[in-house]
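Undergrad: This is the structure I have questions about; it appears just below.
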């Protein structure tokens with residue numbers, strides 16, 4: 001959209017300004033995944049120059065897919081402005097997935113020798129997962145009462 005274009009141009013102008021002088025732009029995006037997510041591998045989409053440094057850290061190339069939304073517009077604008085730009089992806093579910101954000105931040109910690117603490121994100125993810133399971137159990141119990149379906153075990157259909 002034109003709003004994304006304007007925002008992307010403004011961000012690139014800022015990144016290239018004398019004050020900032022950004023050398024790289026990193027875009028983060030979730031890969032929607034059905035079901036419960038226990039692992040959060042990080043994948044990349046990058047220009048040739050960045051591949052070795054990403055793969056040396058165990059980050060795998062995204063085999064297929066498309067980048068959409070403002071992230072796609074910003075990535076395109078950055079590359080058009082001769083900024084080195086790449087994208088990192090991790091699986092995300094339909095509910096908030098802080099562990100995915102933590103996985104990407106940990107990759108950035110490794111890439112750029114940063115020390116951004118991700119413990120709070122991981123703990124929040126555990127709390128959200130626990131709460132979602134509790135809600136799924138309550139919904140399943142309600143469904144059993146409404147339908148008289150006492151034989152069905154589990155509540156995994158809420159994570160499909």
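Residue numbers (our numbering): 1 to 160. All C-beta atoms, glycine included, are put in the ideal place defined by N, C-alpha and C.
Whose C-alpha, out of 12, 136 and 34, is nearest the C-alpha of residue 76?
TA: The shortest Cα separation from residue 76 among 12, 136 and 34 belongs to 12.
Undergrad: Ignore the nearest five residues each way along the sequence and tell me which others in residue 150's own chain have a CB closer than 7 Å to its CB.
TA: Only weak support exists for where residue 150 lies, its pLDDT of 49 falling under 50; the value from the coordinates is given anyway. Cβ neighbours of residue 150 beyond the five flanking positions: 144.
Undergrad: Counting Cβ pairs closer than 8 Å, one from the stretch 64-74 and one from the stretch 124-132, do we hit at least three?
TA: Segments in contact, no.
Undergrad: Between the C-alpha atoms of residue 85 and residue 114, what's the straight-line distance to the nearest angstrom?
TA: Whole-angstrom Cα-Cα distance: 19 Å.
Undergrad: Where does residue 112 fall in DSSP's three states?
TA: Of the three classes helix, strand and coil, the one that applies to residue 112 here is helix, per DSSP.
Undergrad: Going by C-alpha to C-alpha distance, which of 97, 54 and 135 sits closest to residue 110?
TA: That would be 54, whose Cα lies nearest to the Cα of residue 110.
Undergrad: Check the Cβ-Cβ distances between residue 136 and every residue of chain D, and say whether any is below 8 Å.
TA: The question asks about chain D, but that chain is absent: this structure has only one protein chain.
Undergrad: With respect to the beta strand (DSSP E) encompassing residue 73, which residues constitute its N-terminal and C-terminal limits?
TA: Careful: residue 73 lies outside any beta strand (DSSP E), inside the alpha helix (DSSP H) at 69-80.
Undergrad: Using alpha carbons as the reference points, say which of 26, 112, 96 and 83 lies closest to residue 57.
TA: Comparing Cα positions, the closest option is 112.
Undergrad: Need the endpoints of the beta strand (DSSP E) that residue 4 sits in, please.
TA: Unbroken run through residue 4 is the alpha helix (DSSP H), 2-16; no beta strand (DSSP E).
Undergrad: Measuring CA to CA, which of 134, 140, 34 and 27 is closest to residue 43?
TA: Of 134, 140, 34 and 27, the residue nearest in Cα terms is 27.
Undergrad: To which residues does DSSP link residue 89 through a beta bridge?
TA: Beta-bridge pairing links residue 89 to 29 and 43.
Undergrad: Is residue 62 near residue 89, with beta carbons less than 8 Å apart?
TA: Yes.
Undergrad: Report the partner residues of residue 84 according to the DSSP bridge assignment.
TA: DSSP, once it has assigned bridges, lists 24 as partnering residue 84.
Undergrad: Within 10 angstroms of the Cβ of residue 148, are there 16 or more other Cβ atoms? Answer buried if so, exposed if not.
TA: Classification for residue 148: exposed.
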